[in-house]
Amino acid sequence: MKKKIIAANFKMNKTDEEIRKYFAVFLDNINGLKNRSSFQNLDAELIFAPTFTALCAAYKIILPYFDFIKLSSQNIYYEKSGAYTGEISIDMIKNCGCSYAIIGHSERRNIFGESDELIGRKIEAVYGECGLTPILCVGENLEIRNKNGQEKFVENQLNIGLNSIKGRKISSLIIAYEPVWAIGTGMPIKADDGEKIHGFIRGYVDANFSVEGLRVIYGGSVTESNIKELMAKPHIDGVLVGGASLDPKIFCNIFKLAAGLYGGADMLTANK
Ligand code: PGA
């Protein structure tokens, strides 16, 4: 079963101490889900991407829930070790319990100048290791969207970003479609437009690469009020949530709405 993804990107927020407090509230809120068989029946997977310094603290907390809560880093560098001041290796984040790595987030591209080629090398490095799945972020800015150039733009990002896996069989990949104009702006994509570009991305990857477990998720101003409409679209396999994930109660609600668990914290207990 291809599980839906509900992912939280904390960006540069929360110390390890704040992460502990966050999870105390978050886990309390999903108390009704604590039943293990309920977890296994859940058609959804939660992913948290805290800062590097909070990864190990987060790992210790989520370990008992590891069958449905996973960790991601917000970035990696492609070299294994060496003189790369300020960077972090794949081994280092795996050692802190990460199953995923966000690669090519638009903030990395636009603020830190990461090129498609650099992102492609990072994807190549992730697939050179075992046990880690990349969350490759793609998405156009407003100028390109206004000219209706989003498909061509994203196609180019996919082509360069995934160049190293051409002709290879890949078992797991998440692509996060995150239009720059929707990130942190309170202007999410319309669900129908989201469905269209997600369908395009899936079609493009299916036609040009060999990925078995592809999931295409949406990011950009996801909230409690738009999550259900987005998740109802067949090509939207999940969401990557920034600002609205920082409050544990709000993110818990987003998770419940996304996973189709309505009716408060005890909804799964009611199904027992
Ligand atoms: P946002 O961020 O939900 O605050 O728009 C999403 C992201 O950057 O991943």
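In the numbering used here, the protein residues as written are 20 to 291.
Every residue, glycine too, gets a C-beta built ideally from N, C-alpha and C.
Listed in chain order, which residues are found with a beta carbon closer than 6 Å to a heavy atom of the ligand PGA? Proximity annotation: the ligand PGA has residues Asn28, Glu197, Ile202, Gly203, Gly238, Gly239, Ser240, Val241, Leu259, Val260, Gly261, Gly262 and Ala263 in chain order, each selected because its CB is closer than 6 Å to a heavy atom of the ligand.
According to DSSP, simplified to helix, strand and coil, what is Cys115? Cys115 falls in the coil class under three-state DSSP.
Would you mind sorting Leu177 into buried or exposed? The rule is 16 or more other CB atoms within 10 Å of its CB. buried
Roughly how many angstroms separate the alpha carbons of Lys89 and Arg234, rounded to a whole number? 16 Å
Which residue or residues does DSSP assign as beta-bridge partners of Asn28? Under DSSP, Asn28 takes part in a beta bridge, and its partners are Ala68.
Take Ser92 and list the residues in its own chain whose beta-carbon comes closer than 6 Å to its own, dropping the five residues that flank it on each side. Ile112, Cys117 and Ala120
Just how far apart, CA to CA, sit Asp285 and Lys141? Any reading at Asp285 must be qualified, since the residue scores a pLDDT of 37, below 50, and its modelled position is unreliable; the value itself is stated next. Going by the C-alpha atoms only, they are around 41 Å apart.
Which of the three DSSP states, helix, strand or coil, is assigned to Pro83? helix
What's the call for Phe67, buried or exposed, on a 16-neighbour Cβ count within 10 Å? By the neighbour-count rule (16 or more Cβ atoms within 10 Å), Phe67 is buried.
What residue does the alpha helix (DSSP H) around Ala144 start on, and which one ends it? Asp135 to Tyr146
Taking all protein chains shown into account, decide if Arg164 is buried (16 or more other Cβ within 10 angstroms of its Cβ) or exposed. buried
Alpha-carbon spacing of Lys291 relative to Ala27, whole angstroms: Confidence at Lys291 is low in this model, with a pLDDT of 30, below 50, so the placement of that residue is unreliable and no value is reported for it.
Could you have a look at Ser191 and say whether DSSP puts it in helix, strand or coil? strand
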